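To start, the structure under review is shown below, and the notes come after it.
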Amino acid sequence: VQLVESGGGLVQAGGSLILSCAASGSTFSINPMGWYRQAPGKQRELVAIITSGGDRTTYADSVKGRFIISRNNARNTMYLQMNSLKPEDTAAYYCNTGPPRLSWGQGTLVTVSS
(Lines of atoms letter the chains of each structure in order from A; the text may use other names.)
(Lines give C-alpha, C1' and ligand atoms only; values in the text may rest on other atoms or scores of the structure.)
Protein backbone atom coordinates (compact mmCIF):
# COMPACT_ATOMS: atom_id res chain seq x y z
CA VAL A 65 0.00 0.00 0.00
CA GLN A 66 1.33 3.42 -0.93
CA LEU A 67 0.19 6.67 0.60
CA VAL A 68 0.37 10.01 -1.20
CA GLU A 69 -0.42 13.21 0.66
CA SER A 70 -1.24 16.48 -1.09
CA GLY A 71 -2.85 19.86 -0.54
CA GLY A 72 -0.32 21.59 1.66
CA GLY A 73 0.93 25.10 1.10
CA LEU A 74 1.51 28.53 2.58
CA VAL A 75 -1.46 30.17 4.26
CA GLN A 76 -1.98 33.10 6.60
CA ALA A 77 -3.11 32.58 10.16
CA GLY A 78 -6.87 32.16 10.26
CA GLY A 79 -6.95 30.61 6.83
CA SER A 80 -8.00 27.14 5.67
CA LEU A 81 -6.55 24.23 3.74
CA ILE A 82 -7.80 20.80 2.71
CA LEU A 83 -5.31 17.94 2.70
CA SER A 84 -5.85 14.73 0.77
CA CYS A 85 -4.42 11.26 1.24
CA ALA A 86 -4.64 8.85 -1.67
CA ALA A 87 -4.02 5.20 -0.87
CA SER A 88 -3.32 2.38 -3.27
CA GLY A 89 -4.36 -1.19 -2.61
CA SER A 90 -7.59 -2.85 -1.59
CA THR A 91 -7.26 -2.71 2.18
CA PHE A 92 -7.86 1.01 2.70
CA SER A 93 -11.52 0.62 3.57
CA ILE A 94 -10.95 -1.88 6.38
CA ASN A 95 -8.39 0.17 8.29
CA PRO A 96 -8.78 3.03 10.72
CA MET A 97 -6.78 5.90 9.28
CA GLY A 98 -5.08 8.88 10.79
CA TRP A 99 -3.42 12.17 10.01
CA TYR A 100 -0.11 12.86 11.69
CA ARG A 101 2.20 15.86 11.66
CA GLN A 102 5.80 16.62 12.43
CA ALA A 103 6.95 20.13 13.14
CA PRO A 104 10.63 21.09 12.78
CA GLY A 105 12.63 19.74 15.68
CA LYS A 106 9.67 17.86 17.15
CA GLN A 107 8.43 14.29 17.14
CA ARG A 108 5.65 13.16 14.86
CA GLU A 109 2.27 13.42 16.55
CA LEU A 110 -1.23 12.15 15.88
CA VAL A 111 -3.61 14.87 14.72
CA ALA A 112 -6.83 12.99 14.03
CA ILE A 113 -8.06 9.48 13.49
CA ILE A 114 -11.14 8.04 11.78
CA THR A 115 -12.64 4.57 11.97
CA SER A 116 -12.76 2.31 8.93
CA GLY A 117 -16.40 3.16 8.28
CA GLY A 118 -15.95 6.84 9.00
CA ASP A 119 -18.52 6.84 11.80
CA ARG A 120 -16.22 7.92 14.62
CA THR A 121 -13.43 10.47 14.78
CA THR A 122 -10.94 11.53 17.42
CA TYR A 123 -8.84 14.68 17.49
CA ALA A 124 -5.82 15.96 19.32
CA ASP A 125 -6.80 18.68 21.78
CA SER A 126 -4.71 21.18 19.84
CA VAL A 127 -6.88 20.87 16.72
CA LYS A 128 -10.26 19.99 18.18
CA GLY A 129 -12.97 22.25 16.82
CA ARG A 130 -10.77 23.47 13.96
CA PHE A 131 -9.91 20.35 11.92
CA ILE A 132 -12.25 17.80 10.38
CA ILE A 133 -11.13 14.35 9.22
CA SER A 134 -13.18 12.44 6.67
CA ARG A 135 -12.79 9.61 4.19
CA ASN A 136 -14.23 8.27 0.96
CA ASN A 137 -13.67 4.52 0.88
CA ALA A 138 -14.98 4.24 -2.68
CA ARG A 139 -12.11 6.52 -3.76
CA ASN A 140 -9.49 5.19 -1.31
CA THR A 141 -9.04 8.75 -0.13
CA MET A 142 -8.93 10.52 3.20
CA TYR A 143 -9.17 14.24 3.87
CA LEU A 144 -8.28 16.76 6.53
CA GLN A 145 -10.16 20.04 6.48
CA MET A 146 -8.08 22.54 8.44
CA ASN A 147 -9.75 25.78 9.53
CA SER A 148 -8.63 28.70 11.67
CA LEU A 149 -5.03 27.74 11.09
CA LYS A 150 -2.41 28.92 13.56
CA PRO A 151 1.36 29.33 13.15
CA GLU A 152 1.81 26.37 15.50
CA ASP A 153 0.05 24.17 12.93
CA THR A 154 3.11 24.56 10.69
CA ALA A 155 4.41 21.05 10.02
CA ALA A 156 4.74 18.28 7.49
CA TYR A 157 1.48 16.32 7.48
CA TYR A 158 1.32 12.58 6.85
CA CYS A 159 -1.37 9.96 6.64
CA ASN A 160 -1.15 6.37 7.80
CA THR A 161 -3.25 3.75 9.47
CA GLY A 162 -4.19 4.32 13.07
CA PRO A 163 -1.92 3.24 14.74
CA PRO A 164 0.66 3.64 11.94
CA ARG A 165 1.64 0.33 10.31
CA LEU A 166 2.51 1.35 6.75
CA SER A 167 5.58 2.98 5.28
CA TRP A 168 5.37 6.74 5.56
CA GLY A 169 4.74 8.77 2.43
CA GLN A 170 6.49 12.00 1.48
CA GLY A 171 4.04 14.11 3.43
CA THR A 172 2.72 17.51 2.51
CA LEU A 173 4.09 20.69 4.04
CA VAL A 174 1.77 23.21 5.68
CA THR A 175 3.20 26.59 6.57
CA VAL A 176 1.07 29.08 8.47
CA SER A 177 2.35 32.64 8.61
CA SER A 178 1.44 35.03 11.40
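Counting with the working numbering, you get residues 65 to 178 for the letters of the sequence shown.
Using N, Cα and C, we set each Cβ at its ideal position, and we do this for glycine too.
Model, not experiment: these values are computed from the prediction.
Ranked by Cα distance from residue 167, the first of 88, 73, 71, 76 is 88. Nearest Cα to residue 130 within the set 147, 124, 143: 147. Distance from the Cα of residue 143 is smallest, within the candidate group 99, 110, 90, for 99. For residue 150, same chain residues with a beta-carbon under 7 Å away, outside a window of 5 residues either side, are 77, 176 in chain order. It is roughly 17 Å from the alpha-carbon of residue 113 to the alpha-carbon of residue 169. For residue 127, there is no enclosing beta strand (DSSP E), since its DSSP letter is neither H nor E. Considering only 125, 128, 121, 156, the residue with the shortest C-alpha distance to residue 135 is 121.
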